């Protein structure tokens, strides 16, 4: 009796879904997030269903497989307007995914659907062998890539000369706080970004995802003001949460100015600085705000231009 009641209560809860957004999928996912019956989560670890919205392409297939394997079992995948690259259900882009998501959630709960197996081998992505007597990952106690994670090495902090540990890692292309498709390799020293380069450009998105209001809503979400609560927010408080002079571009506009323009219903400049120049010296949250304050098409053009023949990345 108790088990049946727990199953009923769980089935009535919102389905936990992680969205991996591909080409022309962002506006549809943002509209879906406003509907009851599902909960879009910020980490694959919190999800039972992977929703692939829009075509991601083969270039990021391994990254998508890694996201899939981070969902705790039992898990399943729904391909929405995308060719299935691995196991899962598939529906057309003009089909409402909510009924299918609800059905998948209930089937996972009652055991009617067998969860999907892991796609990648359960081993370090970069095989390594320790060089020290105790199996260290590099020279002595430092360096190397144990279990696929590079160990930090010390270097002088560019701000004050203190010796801190630079750490290099890859972020994206399905990290919710980044534009969909954008994958970057970032080196941080302490809490500051000292180097950033793009590995994959943002996906192209449909016009509904490129409006001033859509851009403003994404930036406000990063500030902890979800779209449904911004009506009651005091705009003065919103702008106080953004440091003045943050992310000044070649047009003299900072994050505050670009957000103000969006809130007025105006578009921002169709170009953005190179990522390495844009993010250098910023802390993580500052960097995310600066990225979110640029038009998606401007960021996409910036990355594509940097990877054009004859250009450095």
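In mature numbering (1 follows the signal peptide of the UniProt record, and there is no 0), the protein residues as written are -19 to -1, 1 to 294.
Yeah, the Cβ is synthetic: ideal placement off N, Cα and C, and Gly gets one too.
Because the structure is a prediction, the values reported are computed rather than measured.
Short Cβ contact (9 Å threshold) for residue i with residue j
i           : j           : result
residue 7   : residue 186 : yes
residue 274 : residue 159 : no
residue 85  : residue 57  : yes
residue 287 : residue 251 : no
residue 79  : residue 15  : no
residue 181 : residue 218 : no
residue 3   : residue 44  : no
residue 96  : residue 90  : no
residue 35  : residue 74  : yes
residue 225 : residue 234 : no
residue 53  : residue 26  : yes
Anticipated Cβ contact below 8 Å, residue i with residue j, distance rounded
i           : j           : result
residue 51  : residue 101 : Contact doesn't hold; Cβ gap of about 10 Å is too wide.
residue 48  : residue 1   : 6 Å
residue 147 : residue 164 : Contact doesn't hold; Cβ gap of about 20 Å is too wide.
residue 59  : residue 76  : Incorrect: roughly 10 Å between the Cβ atoms, too far for contact.
residue 207 : residue 248 : Their Cβ separation, rounded to whole angstroms, is 23 Å, which puts residue 207 and residue 248 out of contact at 8 Å.
residue 191 : residue 278 : 6 Å
The alpha helix (DSSP H) enclosing residue i, as first and last residue numbers
i           : result
residue 100 : Segment: none, residue 100 is in no alpha helix (DSSP H) and carries neither H nor E.
residue 202 : 193 to 203
residue 259 : 256 to 260
residue 63  : First-last for residue 63: undefined, no H or E at that position.
residue 155 : Counting along the chain, residue 155 falls outside any alpha helix (DSSP H), and DSSP gives it neither H nor E.
residue 186 : From DSSP, residue 186 is part of no alpha helix (DSSP H); its letter is neither H nor E.
residue 49  : 42 to 51
residue 222 : Careful: residue 222 lies outside any alpha helix (DSSP H) and carries neither H nor E.
residue 10  : 7 to 13
Environment of residue i [buried if 16+ CB atoms lie within 10 Å]
i           : result
residue 13  : buried
residue 9   : buried
residue 240 : buried
residue 161 : buried
residue 150 : exposed
residue 11  : buried
residue 281 : buried
residue 243 : buried
residue 285 : exposed
residue 232 : exposed
residue 189 : exposed
residue 283 : buried
residue 297 : The structure shown does not extend to residue 297, since the chain is modelled only from -19 to 294, so the question has no answer here.
residue 300 : Outside the shown range of the chain (-19 to 294) lies residue 300, about which nothing can therefore be said.
residue 222 : exposed
residue 136 : exposed
Residue nearest to residue i in terms of C-alpha spacing, selected from the options
i           : options            : result
residue 246 : 252, 238, 253      : 238
residue 260 : 89, 177, 34        : 177
residue 69  : 190, 61, 75        : 61
residue 40  : 227, 226, 183, 244 : 183
residue -4  : 20, 229, 147, 5    : 20
residue 143 : 163, 173, 153, 164 : 173
residue 276 : 284, 262, 258, 253 : 253
residue 269 : 228, 234, 26       : 228
residue 28  : 76, 59, -2         : -2
residue 155 : 32, 18, 279, -6    : 32
residue 65  : 37, 216, 83, 92    : 37
residue 157 : 5, 137, 24, 67     : 24
residue 175 : -6, 263, 71        : 263
residue 197 : 257, 166, 272, 72  : 272
residue 298 : 257, 83, 204, 202  : Lying before the first or after the last residue shown, residue 298 is absent from the chain, which here runs from -19 to 294.
residue 258 : 203, 167, 220, -6  : 167
Extent of the continuous beta strand (DSSP E) run through residue i
i           : result
residue 175 : 173 to 181
residue 331 : Examination of residue 331 is not possible in this model, given that the chain is present from -19 through 294 alone.
residue 150 : 147 to 152
residue 34  : 30 to 34
residue 20  : 19 to 21
residue 166 : 164 to 170
residue 248 : Segment: none, residue 248 is in no beta strand (DSSP E) and carries neither H nor E.
residue 273 : Segment 265 to 273 is the alpha helix (DSSP H) holding residue 273; no beta strand (DSSP E) there.
residue 276 : Per DSSP, residue 276 belongs to no beta strand (DSSP E) and is neither H nor E.
residue 88  : Careful: residue 88 lies outside any beta strand (DSSP E), inside the alpha helix (DSSP H) at 79 to 91.
residue 71  : 70 to 72
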